Amino acid sequence: WHELGIYDTPAIIDYILKETNHTKLIYIGFSQGCTQFFVMNSLKPEYNDKIITMKALAPAAFTAHMGGLLKPISSLVQLGR
1 WHELGIYDTP AIIDYILKET NHTKLIYIGF SQGCTQFFVM NSLKPEYNDK IITMKALAPA
61 AFTAHMGGLL KPISSLVQLG R
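Counting from 1, one number per residue, gives the positions in the sequence shown under full-length UniProt numbering.
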């Protein structure tokens with residue numbers, strides 16, 4: 001997923017913007033598409049200017065080593081299942 005987020009997702013975004021003659025787009029990711037976006041957003045912050053908003057549908061994320069408030073909140077999701 002790392003390479004998809006570094007190379008493929010930015011290339012697809014650039015292609016869509018070029019073909020539609022727009023400067024920004026709305027990104028909708030599902031599962032792996034969310035992870036690809038998170039990788040791109042972390043390692044290529046210049047793409048933030050090309051995204052209006054990102055909608056994450058069923059994001060695939062591993063939170064075992066995550067700190068801050070997200071860790072206790074994520075455990076509540078497990079209780080709700």
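Yeah, the Cβ is synthetic: ideal placement off N, Cα and C, and Gly gets one too.
Note that the structure is a prediction, hence the values are computed from the model and not measured.
Shown here for Val39: same chain residues with a beta carbon closer than 8 Å to its own, the five before and five after excluded, namely Trp1, His2, Leu4, Gly5, Ile6 and Thr9 in chain order. The alpha helix (DSSP H) runs lying completely inside the UniProt domain "AB hydrolase-1" (3-63) and spanning 4 residues or more are 9-20 and 32-43, given in chain order. Taking a 10 Å sphere around the C-beta of Gly68, we find fewer than 16 other C-beta atoms and assign the residue as exposed. Within the same chain, Met54, Lys55 and Leu57 come within 8 Å of Ile28 by CB-CB distance, once the 5 residues on both sides are set aside. Remark: C-beta atoms of Ile52 and Leu25 approach each other more closely than 8 Å.
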